[in-house]
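So the sequence shown is residues 0 to 581, counted in numbering that gives the first Met the number 0.
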Amino acid sequence: MPSGSGSRRRRPRRAGPRLTVVLVSSSSSDEEGGEEEEEEEEESEGPRRRGGGGGEARVSATEGKAVVSGGEAEGPNLPSCPICMLAWTADGAHRVSCIPCGHVYGRYCLERWLLQCGKKKAPCPQCGKRYKENNIINLYVPEIAVPNNDLETQVLLLREKNESLEKQQAKLLEEIKEHKRQIMLHQNVIYESTSKKQKMTELTSDGTPDAEPIASLTEDIDHRNLCSFVLQNEFLVDGARVMGIDASSQVILTSGRGPGVGAEHILTKISMFARQGMQKIDLPPDTKAIRDICILPRGHAVFASLGRKLSLFSMATNNVVLQYNLPAPGWSCSGDHTSSTHLYTGLQNGMLLVFDIRQTSAPLHCMMGLSTHPVHTIRSAVDGSGSRKVFSASSIGPCIWDVDGGEDSSNVQVWALFRPNLLSGMENQGVCISLACAPPSSDLLVASYRPKVELPDDSATPQAITPQSPAPTGSGKLGHHTLLRRAATTSFAKDQTCSGNVSDLRMSKSAIIPCGGNQHLFAYGDESLYGVRTWRLPSFQTYTDLRPHRQPILDLRFAESSTGERYLGCLSAEKLQVFTVR
0 MPSGSGSRRR RPRRAGPRLT VVLVSSSSSD EEGGEEEEEE EEESEGPRRR
50 GGGGGEARVS ATEGKAVVSG GEAEGPNLPS CPICMLAWTA DGAHRVSCIP
100 CGHVYGRYCL ERWLLQCGKK KAPCPQCGKR YKENNIINLY VPEIAVPNND
150 LETQVLLLRE KNESLEKQQA KLLEEIKEHK RQIMLHQNVI YESTSKKQKM
200 TELTSDGTPD AEPIASLTED IDHRNLCSFV LQNEFLVDGA RVMGIDASSQ
250 VILTSGRGPG VGAEHILTKI SMFARQGMQK IDLPPDTKAI RDICILPRGH
300 AVFASLGRKL SLFSMATNNV VLQYNLPAPG WSCSGDHTSS THLYTGLQNG
350 MLLVFDIRQT SAPLHCMMGL STHPVHTIRS AVDGSGSRKV FSASSIGPCI
400 WDVDGGEDSS NVQVWALFRP NLLSGMENQG VCISLACAPP SSDLLVASYR
450 PKVELPDDSA TPQAITPQSP APTGSGKLGH HTLLRRAATT SFAKDQTCSG
500 NVSDLRMSKS AIIPCGGNQH LFAYGDESLY GVRTWRLPSF QTYTDLRPHR
550 QPILDLRFAE SSTGERYLGC LSAEKLQVFT VR
């Protein structure tokens, strides 16, 4: 036998395809024996198909003809039949099928290819390995997805366009912030110039060096050296509603809803003397809106939130290190001047809870209030005898709690009997919206009130109802501030009262600022000014008005460090101002 013929007979024994076909075939041995001759006769065509030669295989597709070149067929990963180039289906005549070599085609095309070859076996149009009709395997798939290259290209283009627009938006937001900062600086210059002119005019007209000081933009100085306010910094804020000042670290915490629709509430950590020193901090899930922030010693802060949480926050790690579940939404919180482990929180249902951070499972004590109205302000203090007291305020007025009264008892029911006392003379004063305490002894208190909303009598005729007079200027209502002086260890006496424009919706914050020579100032965010007004105590003589905002003051805090630095911060929806108190 010629060597060429012997070479043809050795090649089938080395190739795997014919062995595979024999193993998976269900045909009889007689058929296999007869087919071997056919394979030998067609062996000369096999290398052409496998090698991608010029041989062509033609097959008629459904209602048309498709030409497939063995060497030019597209890759097997296309979602269409490589024979007819039409998309296969999940069922029917052209359902997706495969042959033992692993290549996938439409069943109709494989059957027509066998018929056109005129033999019981036909080579795979892509690799040349032979298959029989009973080797065709139906593939069962729930859905055939045919990707559209044009759509994919459009998606990629849209993604790139979206990324470009997001970058442009971020750049525009930065430019807007910078423009706002420039506008504020120009407004400050205008306000300073106007204030100085007004001051010179009044001094000239009065002809007395003792005239009342006029608020200056950068420094408000009393001629009797009572106190001065020097503006240190202004920050643009967005969505902040409450704040706390760490005077020792010169850091401010603010809280509010983050930017964007449906955003969660966040904390913002701000360095007092660095314009770019803002750090956004995500809060644990379900914290919700923070109602009050209190800065504690040793680098901690505590905040109460409407998500029924009291959280202890580490200023060093920017993490919540301890969180208590509350029976009702938290409205206020405070630390303890005599103990670094005790915390107090006032709830929406009028309760006062006492916590010890060494006991992490539950509150140490629970005490019921005089009403079920929210406790919007809470401050800890020490009286002349060294006993711990807690001052609180709800809409009914300021109260004092004796937290040392049941210290020897661990019975919760006994603690529940210790209810607060409403300070004498504070009955029926209106709706109490703020309480300021002079730290640390709280010998002076200032309670702020707005008038009660008088509901009309159903039996009265409409003509008998007298409409309320509008507020003089700006928004809000005409309310009043009342000074309370400590008369004894646990009692206070009502002193002077002055009127002021107060918010008709918010529970505003206020502060008592100690000055030299046992003098004090009272600071409050006046609604008619959209800024902070200060009064001398105890006379309530107007002292100075600090630089106004374009929106109402939402929070006001005074803080003093252990080394004597004193700061006053005021927050509105647009900006945060930080003053050094001298």
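For each residue, glycine too, the CB sits at the ideal point set by N, CA and C.
Given the structure is predicted, the values throughout are model-derived calculations rather than measurements.
Exercise. By a C-beta neighbour count over all protein chains shown, 10 Å radius and 16 as the cutoff for buried, is proline 551 buried or exposed?
Worked result: Buried, by the Cβ-count rule.
Exercise. Where DSSP assigns a beta bridge to arginine 449, which residues make up the other side?
Worked result: BP columns for arginine 449 point to Val430.
Exercise. DSSP three-state call for valine 66: helix, strand or coil?
Worked result: Confidence is the limiting factor: at valine 66 the pLDDT is only 36, short of 50, which leaves the residue's position unreliable, though a coordinate-based value still follows. Valine 66: strand per DSSP, three-state reduction.
Exercise. With a CB to CB cut of under 7 Å and the five nearest residues on each side skipped, what residues in its chain are close to glycine 276?
Worked result: Answer for glycine 276: Ile269 and Ser270, listed in chain order.
Problem set entry | Of the listed residues Gly499, Leu157, Glu162 and Tyr343, nearest to isoleucine 294 (C-alpha basis) | The residue from Gly499, Leu157, Glu162 and Tyr343 with its alpha-carbon nearest to that of isoleucine 294 is Tyr343.
Problem set entry | For alanine 486, the nearest candidate out of Ser423, Lys160, Ser391 and Cys80 (CA to CA) | Measuring from the Cα of alanine 486, the nearest candidate turns out to be Ser423.
For this session: For arginine 297, name the three-state secondary structure that DSSP assigns.
Result: DSSP, read as helix, strand or coil, puts arginine 297 in coil.
Problem set entry | Simplified DSSP assignment, three categories, for tryptophan 87 | DSSP places tryptophan 87 in coil when its eight states are reduced to three.
For this session: Tell me whether the beta-carbon of isoleucine 598 lies closer than 9 Å to the beta-carbon of valine 241.
Result: Because the chain spans 0 through 581 in this model, residue 598 falls outside it and cannot be assessed.
Exercise. With DSSP run on the structure shown, which of helix, strand or coil describes alanine 435?
Worked result: In this structure, alanine 435 counts as strand in the three-state DSSP scheme.
Problem set entry | Beta-bridge pairing of glycine 530 - partner residues as DSSP gives them | Beta-bridge analysis with DSSP links glycine 530 to Asp525.
For this session: Return the first residue and the last residue of the beta strand (DSSP E) that cysteine 226 is part of.
Result: It is not in any beta strand (DSSP E) - cysteine 226 carries neither H nor E in the DSSP assignment.
Problem set entry | aspartate 335 versus serine 490: straight-line alpha-carbon distance, rounded | In a straight line, the C-alpha of aspartate 335 is about 21 Å away from that of serine 490.
Exercise. Pick from Phe272, Gln278, Leu266 and Ala315: whose alpha carbon is nearest that of phenylalanine 302?
Worked result: Closest option to phenylalanine 302, judged by alpha-carbon separation, among Phe272, Gln278, Leu266 and Ala315: Leu266.
For this session: Would you decide whether alanine 152 is buried or exposed? Buried here means 16 or more other CB atoms lie within 10 Å of its CB.
Result: It should be pointed out that residue 152 corresponds to threonine in this sequence rather than to alanine. Threonine 152 should be labelled exposed.
Exercise. Between cysteine 596 and asparagine 420, what straight-line distance do the alpha-carbon atoms span, to the nearest angstrom?
Worked result: The structure shown does not extend to residue 596, since the chain is modelled only from 0 through 581, so no value can be given for it.
Problem set entry | As assigned by DSSP and simplified to three states, the class of glycine 101 | DSSP places glycine 101 in coil when its eight states are reduced to three.
Exercise. With C-beta atoms as the reference, is glutamine 495 less than 9 Å away from serine 433?
Worked result: No, the pair does not count as a contact, with Cβ atoms beyond the cut-off.
Problem set entry | Neighbour-count burial assignment, arginine 418, 16 or more Cβ in a 10 Å radius | Classification of arginine 418: exposed, given that the 10 Å Cβ count is below 16.
Problem set entry | Cβ-based neighbour list, glycine 63, same chain, cut-off 6 Å, excluding 5 preceding and 5 following | Its pLDDT being 37, under 50, glycine 63 is placed unreliably by the model, and the measurement read from it follows with that caveat. In its own chain, leaving out the 5 sequence neighbours on each side, no residue places its CB closer than 6 Å to the CB of glycine 63.
Exercise. Could you give the distance in angstroms between the alpha-carbon of leucine 138 and the alpha-carbon of leucine 171?
Worked result: Cα-Cα distance, rounded: 54 Å.
For this session: State the Cα-Cα distance for the pair cysteine 123 and arginine 158, rounded to the nearest angstrom.
Result: Cysteine 123 and arginine 158 have their C-alpha atoms some 41 Å from each other.
For this session: Just mark histidine 178 as buried or exposed, buried being the case when its beta carbon has 16 or more other beta carbons within 10 Å.
Result: Exposed.
Problem set entry | Candidates Asp149, His102 and Val140: closest to tyrosine 130 by CA position | Residue His102 is the option with its Cα nearest to tyrosine 130.
Problem set entry | Nonlocal neighbours in the same chain, by C-beta distance under 7 Å from valine 140, ignoring five residues either side | Here the set comprises Ala89 and Val95.
Exercise. Arginine 532 to glycine 257, Cα distance in whole Å?
Worked result: Answer to the nearest angstrom: the Cα atoms are 30 Å apart.
Exercise. Whole-angstrom Cβ separation of valine 445 and threonine 481, contact assumed at under 8 Å?
Worked result: With a Cβ gap of about 7 Å, valine 445 and threonine 481 count as contacting.
Exercise. Looking at phenylalanine 390 and serine 441, is the spacing between their C-beta atoms short of 9 Å?
Worked result: In this structure, phenylalanine 390 lies closer than 9 Å to serine 441 by Cβ.
For this session: Flag this pair as yes or no: are the beta carbons of serine 310 and threonine 340 separated by less than 9 Å?
Result: A distance of 9 Å or more separates the beta carbons of serine 310 and threonine 340.
Exercise. Using DSSP with H/G/I as helix, E/B as strand and the rest coil, what is glutamine 167?
Worked result: Of the three classes helix, strand and coil, the one that applies to glutamine 167 here is helix, per DSSP.
For this session: Along the beta strand (DSSP E) that carries leucine 311, what are the first and last residues, could you check?
Result: Counting along the chain, the beta strand (DSSP E) containing leucine 311 begins and ends at 308 to 313.
For this session: Quick one: grab the DSSP three-state call for glutamine 181.
Result: Correct three-state label for glutamine 181: helix.
Exercise. Around the C-beta of glycine 563, are 16 or more other C-beta atoms found within 10 angstroms, so that it is buried, or is it exposed?
Worked result: When all chains shown are included, glycine 563 counts as exposed.
Problem set entry | Rounded separation between leucine 114 and leucine 156 - CA only | Going from the Cα of leucine 114 to the Cα of leucine 156 covers about 46 Å.
For this session: Tell me where the beta strand (DSSP E) around glutamine 540 begins and ends.
Result: Looking at the DSSP string, glutamine 540 is not in any beta strand (DSSP E), and its letter there is neither H nor E.
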